[in-house]
Every structure is written in structure tokens, then in C-alpha cells.
Amino acid sequence: MNLQNEIDKTANFWIIKENEGLSSKEKEQLNLWLENKNHKKAYEKNKELVSNFMSLDDEFLKEMDEEIKDELDSFKKEKKQSFFSKYKYMVASFIVSCALAFSAFEVNSYYKPTFTKTYVSVDNKIINIALPDSSSIDLDIKSQIEVVYYKGERTVELLSGKAFFDVAKDKKRAFLIKSNNTLIEVLGTKFEVVKENNLTKVNVLEGLVRVNHIYNSNGDKKAILQLTKNDSLIINNLGKVLSFKKIETNIIASWKNDIINFNKSTLKEASLIFQRYANLDIKFENYELSQLKISGKFSTLHYNSFFEAIELIYNLKVLKEGNLVKISKN
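Take the sequence shown: its letters are residues 467 to 796, numbered as in our numbering.
1. Roughly how many whole angstroms lie between the Cα atoms of G673 and K656?
2. Where N512 and V622 are concerned, what is the direct C-alpha to C-alpha distance, given to the nearest angstrom?
3. Give the DSSP-derived three-state secondary structure of Y780 in the structure shown.
4. Buried or exposed for H798, please, with buried defined as at least 16 other CB atoms from any protein chain shown within 10 angstroms of its CB.
5. Here's the rule I'm using: 16 or more other beta-carbon atoms within 10 Å means buried, otherwise exposed. How should F581 be labelled?
6. Report the rounded CA-to-CA distance for N684 versus K644, giving the unit in angstroms.
7. If I measure Cβ to Cβ from S756 and keep anything under 7 Å in the same chain, skipping five residues before and after, which residues do I get?
8. Mind listing, in chain order, the continuous alpha helix (DSSP H) runs of no fewer than 4 residues lying wholly within the stretch 725-787?
9. What would DSSP say about I481, mapped onto helix, strand or coil?
10. Tell me whether the beta-carbon of K638 lies closer than 9 Å to the beta-carbon of S626.
11. What residues match up with V660 in a beta bridge as DSSP calls it?
12. For E672, does the three-state DSSP call read helix, strand or coil?
13. Could you give the distance in angstroms between the alpha-carbon of L665 and the alpha-carbon of L624?
14. Using the rule of at least 16 other Cβ atoms within 10 Å of the residue's Cβ for burial, across every protein chain shown, is L708 buried or exposed?
15. As a quick exercise: from N796, Q692, D474, pick the residue whose alpha carbon is nearest that of F780.
16. Would L671 and K695 be called neighbours here (beta carbons separated by less than 9 Å)?
17. Could you give the C-beta distance for E658 and A596, rounded to a whole number, given that I count them as a contact under 8 Å?
18. Indicate the three-state DSSP secondary structure (helix, strand or coil) for L790 in the structure shown.
Written out as C-alpha cells, the structure is:
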């Protein structure tokens, strides 16, 4: 099957689906497909042909019905005439119907999921989730992803938390990750994606990563940046870039090794991260204390070292009462 046939069949599939009604996700997929000018040309041409055909359909069927009746009568009188000539409309109708049905079936199978699975981590990480194409994903604690593979593309939605992707190269199938209103596109690379409320953070370990903003319910997107090794980007739900910088390699997905790195982070920011890993409720005596800065490397498994460090550096008092931790001036 040549490329143009593939494009025409895909165009016909989307025309049929559009008539039935598209979901938000299907609208997003259609808009992505139509970005290719050859796809758009085939879609518009086939849509016009279908529109013209549908407008003549009732009249055609009526004429065909009348002709069949006439020919059935005349068939008894003129047995020498060609059977095919007598029933050309019936034959043509049957062939067209079969062709359309076969086309819709093939295109539908092209967009039918070949693999679907949801992964959820609660209090433990899930390391090395193996996918059908030899890609793998690592999930931090309290994270959730939904993976859907199609014949033509690979998609993941990060519903919450942090994930590290090791994407196998496949030039025929892009790998798409959606987080909030951010769409990330790669072919083969290693990178981390973090979803925090209305923010998405992307940290690239190797390869190229294209970041887009989805700006409406139709799934239309706007290119934001193309990231390379050691690039770190933070983008909000409105498509505004809040941070873009180079970072050290060992910072990327350090949670895989139970490590947290702080670089002039406020104690409040640090406490929120420890609350995630240690199930603690950390309270500060006042706002000023929460804004003190800290840098360094700490273990998610031994959070006491963090409290010991801030006690020593800032002469603070840390009081623990079950899961509640109160931090005040000594």
C-alpha cells in the first residue's frame, strides 16, 4: 500500500469520526494529523467528495431502485443482454460499499489502541516499567500515568507526580507526553517530567525534546521550546515559561536513587518535598523562618539529617509529635 493510499484512508476515517462526533482527545489527534499539509489536502478533498456524494445519495438510490425494477421486467424479454450491463448499478454500489467498509476498517485499526495501561505508585517507586516498544518509565512515589499505544503513535498522560522516560527510537511513531496543557514530543531520548498543580517541569538527560502549549479545547498547540541535554524548563498551564536553564546531570530524577538536591531552596520549599516522601506535616513558627535558604544533598529515606542540618545552621528548634513537625526559633 503506497503512502497516498494510507493518507486517503486516514482522511476518510477522520471524516467518518467527525460526523459521528469527536471527543476532546480525538480532536487533539486530528489537529496534530492535519498539521501535515499533505494530510490536510487529502482531508479537504475527500471531505468535499463525501459531501457531494451524500447530497446525491437519496436521489441515486431512488433512481437505482426504479431502474432495477424496470430491468427485472425487461430481463424476461431480453435474455441475450449482458447480465453485468443490466445490473451495473447494483454491482457498482456493492463494490463502492465494500471499498468504503474496507477503508474504514483499515484506518480504524490504525487508530485503535494496541496497548493501554494505567500505572499508579503510592508509597513506593515503580522502577523500570517495560513498554511494548522497549521504552521504559520510572515512577516516583505518589505518581500516576496512563499509557496508550497506537499503530501510528505512542502516548502517555502524566496525571500526577514525577516520571522518568527512556524512550526507544522509532522514526515512524512519535512519543507524546501530556501534562496539564503541556504536550511534549520526542522520538527517542531520556528525560524527566514533573507535574505539580498547574506547573510542568521538564529536565532532559539526553536527546531532543520539543515542548508545546495546548491553548484550546480542540487540542491546537503552539511550539514553546526545543530542549537538549541538561536543559530544565518550568512552564505553567497558560503556556508561560517560568524558568529555563542548564542543570547538573545528577539532579535529574535523583529521586530514583532516593536523593533530594536543594540549591538555595527555601525551607518551605524543602519541607513540601520532605512531606511528600516522609508523610510528615511540617509547620513553621512564622513566615520569616520558612523563607530561610538551604542547599545540599539529602536522602528521602533519612529525613532527620535535614532537620539536624537546619538546627545547626540557623539555630532552630525542631519538635516532633507523631507526624507533626514544628520548627521554631531556639
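Glycine residues also receive a C-beta, built at the ideal position from the N, C-alpha and C atoms.
Taking the coordinates as given:
1. Just so you know, the alpha carbons of G673 and K656 end up roughly 7 Å apart.
2. The alpha-carbon atoms of N512 and V622 are separated by roughly 31 Å.
3. Reduced to three states, the DSSP call for Y780 is helix.
4. The first residue shown for the chain is 467 and the last is 796, placing residue 798 beyond what the model contains.
5. Burial check for F581: the Cβ neighbour count within 10 Å stays below 16, so the residue is exposed.
6. Going from the Cα of N684 to the Cα of K644 covers about 14 Å.
7. For S756, where only same-chain residues beyond five positions count, the Cβ hits under 7 Å are T732, L733, K734, F750.
8. Counting only runs of 4 or more, we get 733-744, 753-756, 770-780.
9. Here I481 carries a helix assignment [DSSP, helix/strand/coil].
10. No; because the gap between Cβ atoms is not below 9 Å, this pair is not in contact.
11. V660 pairs with K628, K667.
12. In the structure shown, E672 sits in a strand (DSSP, three-state: E or B).
13. The alpha-carbon atoms of L665 and L624 are separated by roughly 12 Å.
14. By the neighbour-count criterion, in which 16 or more other beta carbons inside 10 Å mark a residue as buried, L708 falls on the exposed side.
15. Note on residue identity: the sequence assigns Tyr, not Phe, to residue 780. Nearest C-alpha to Y780 among N796, Q692, D474: N796.
16. In this structure, L671 places its C-beta atom within 9 Å of the C-beta atom of K695.
17. Rounded, the Cβ-Cβ distance is 18 Å, inconsistent with contact.
18. L790 falls in the strand class under three-state DSSP.
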